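J.: Please read through the structure below; I'll follow up with questions.
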Amino acid sequence: MKFRSLALFLLWSMTQVWAEWKKEVIHKGIEGRGIPNVAVAADWDGDGAMDAMTSFDNGVTVFRGPDWKTSRQVTRFSDAYHGERKLRTSCIHGCLMDVDGDGDLDFLGSNQLVFWLECPDRPFEQDWTFRVIDEQILGSHCLTVADVDLDGKLDLVANSGRPEGTPYPNSIVWLKVPSDPKSGTPWQRKVFADGDAPGGSHYMGVGDVNGDGLPDVACGAKGGEKFPGGEWFAWWEQPKDGSLPWKKHLLSDR
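For the sequence shown, the numbering used here begins at 2 and goes up steadily by one.
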């Protein structure tokens, strides 16, 4: 009877915790101007309240918390980029990282290429500088940060999921920040999954899978008619000698 009472109490407690969650709409979206596929948060203005950032309407917009009434489009793609890629109205994915080591979080996004936006001193008043990370990989539906080479500095892991239109089809790479990230120099690309990540690869995770002290990368891919070769979950083993590519270990193909 005591165990039953305890179980009921725990269930009631969890119900109360769940009931405390309240939905707050930051942005409803603008029809025809891009779907916000990415959302990240940080206290960019240092006021103690978290702010939010997303991508739509041909750019990236930051919303000031906690009431979200103040917003600013910090970068407009058509003004910031004039290269070979035809950018869409919004990013498919993004993450945060202090790229330039100045103590604030910069935005890294994927929109037909991979780029980063430098957070300025006044993030709600100034434009964020757009710089290309890599415009050769294509179809980067996941960006994640990790110290891949264990040098004490964060790197970027990104997929190049398209089967064509890129020199690195069906691949996954990690990218090293250049010594001067503000120079505009492309980041050093390491193709560790070289053509053996077909289908709709998404959402990499980084960790030491085999316990050898080196970070490995896991990834899954959706399949179907639009994503041939997908429907798998695998991890790539980082070798101790730093060679490329890495060995793929299939975990599931169902």
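Where a beta carbon is used, it is the ideal one built from N, C-alpha and C, also for glycine.
Predicted model, so just to flag it, every value in this text is computed and none were measured.
Taking the alpha-carbon positions, what's the Trp188 to Ser72 distance?
T.: As a first step, residue 188 must be located in the sequence shown, where it is residue number 187. As a first step, residue 72 must be located in the sequence shown, where it is residue number 71. Distance between the alpha carbons of Trp188 and Ser72 is about 30 Å.
J.: Would you grab the beta carbon distance between Pro124 and Ala194 for me? Rounded to a whole angstrom, and I think it's under 8 Å.
T.: For the purposes of this step, residue 124 is identified with residue 123 of the sequence shown, where counting begins at 1. For the purposes of this step, residue 194 is identified with residue 193 of the sequence shown, where counting begins at 1. Their Cβ separation, rounded to whole angstroms, is 35 Å, which puts Pro124 and Ala194 out of contact at 8 Å.
J.: Can you tell me which of the three DSSP states Ser184 falls into?
T.: Sequence index remark: in the sequence shown, residue 184 carries index 183 (1-based). Ser184: helix per DSSP, three-state reduction.
J.: DSSP state of Glu119, grouped into three classes?
T.: Position 118 of the sequence shown, counting from 1, holds the residue named residue 119. In this structure, Glu119 counts as strand in the three-state DSSP scheme.
J.: Would you mind working out which of Ala40, Gly35, Arg34 and Gly33 sits nearest Ile27, comparing C-alpha positions?
T.: Within the sequence shown, numbered from 1, the residue matching residue 27 stands at position 26. Looking at the Cα atoms, Ala40 is the closest of the given residues.
J.: If you run the structure through DSSP and keep just helix, strand and coil, what is Asp107?
T.: If you number the sequence shown from 1, residue 107 lands on position 106. Note: Asp107 maps to strand in three-state DSSP.
J.: Can we say the segment 125-142 touches the segment 216-232, given the rule of at least three CB pairs closer than 8 Å?
T.: The answer is no - the segment 216-232 does not touch the segment 125-142, with fewer than three Cβ pairs under 8 Å.
J.: Taking the DSSP output, what are the residues bridged to Arg163?
T.: What you label residue 163 is simply residue 162 of the sequence shown in a count that begins at 1. DSSP lists no partner for Arg163.
J.: Cβ of Pro199 within 8 Å of Cβ of Pro240?
T.: Indexing the sequence shown from 1 puts residue 199 at position 198. Indexing the sequence shown from 1 puts residue 240 at position 239. Cβ atoms of Pro199 and Pro240: not closer than 8 Å.
J.: Considering only DSSP beta bridges, list what Val174 is partnered with.
T.: Counting from 1 along the sequence shown, the entry for residue 174 is found at position 173. Bridge partners of Val174: Ala159 and Val192.
J.: Taking the C-alpha atoms as reference points, what is the distance between Thr167 and Val192?
T.: Counting from 1 along the sequence shown, the entry for residue 167 is found at position 166. Counting from 1 along the sequence shown, the entry for residue 192 is found at position 191. Taking the straight line from one Cα to the other gives about 13 Å.
J.: State yes or no: is the C-beta of Ser244 within less than 8 Å of the C-beta of Cys220?
T.: Mapped onto the sequence shown, residue 244 falls at position 243. Mapped onto the sequence shown, residue 220 falls at position 219. Contact flag unset, no.
J.: Can you tell me whether Tyr204 is buried or exposed, with buried defined as 16 or more other CB within 10 angstroms of its CB?
T.: Translated into the one-based positions of the sequence shown, residue 204 becomes position 203. Classification of Tyr204: exposed, given that the 10 Å Cβ count is below 16.
J.: Under a three-way DSSP split, which group does Ala235 fall into?
T.: What you label residue 235 is simply residue 234 of the sequence shown in a count that begins at 1. Strand.
J.: Under 6 Å Cβ to Cβ from Thr130, same chain only, skipping five residues before and after it: list those, please.
T.: Stepping through the sequence shown from its first residue, residue 130 is reached at position 129. Excluding residues within five positions, the ones whose Cβ falls inside 6 Å are Glu119.
J.: Give the DSSP-derived three-state secondary structure of Phe4 in the structure shown.
T.: For this step, residue 4 is matched to residue 3 along the sequence shown. Reliability fails at Phe4, whose pLDDT of 49 lies under 50, so the model's placement of it is uncertain and no value is given.
J.: Does the distance from the CB of Ile1 to the CB of Asn171 come in under 8 Å?
T.: No statement about residue 1 is possible, as the shown extent of the chain runs from 2 to 255 and does not include it.
J.: Return yes when the Cβ of Val218 is within less than 8 Å of the Cβ of Trp233, no when it is not.
T.: Looking up residue 233 in the sequence shown gives position 232. Looking up residue 218 in the sequence shown gives position 217. Going by C-beta atoms, Trp233 is not nearer than 8 Å to Val218.
J.: Bridge partners of Ala1, per DSSP?
T.: Since the displayed the chain opens at 2 and closes at 255, residue 1 lies outside it and no answer follows.
J.: Kindly list the residues whose CB is nearer than 6 Å to the CB of Val210, restricted to its own chain and excluding five residues on each side of it in sequence; keep chain order.
T.: Along the sequence shown, one-based indexing puts residue 210 at 209. Excluding sequence neighbours, Val210 sits near Asp217 and Trp236.
J.: Who pairs with Ala219 in a beta bridge, going by DSSP?
T.: For the purposes of this step, residue 219 is identified with residue 218 of the sequence shown, where counting begins at 1. Answer is Gly206 and Trp236, bridged to Ala219.
J.: I need the straight-line Cα distance from Asn160 to Asp197, nearest angstrom please.
T.: The residue you call residue 160 lines up with position 159 of the sequence shown. The residue you call residue 197 lines up with position 196 of the sequence shown. In a straight line, the C-alpha of Asn160 is about 11 Å away from that of Asp197.
J.: How about Lys23: is its C-beta nearer than 8 Å to some C-beta of chain D?
T.: Chain labels in this structure do not include chain D; a single protein chain is all it has.
J.: For the alpha helix (DSSP H) that Ser72 lies in, which residues bound it at each end?
T.: Counted from its first residue, the sequence shown places residue 72 at position 71. Not the alpha helix (DSSP H): Ser72 falls in the beta strand (DSSP E), residues Ser72 to Arg77.
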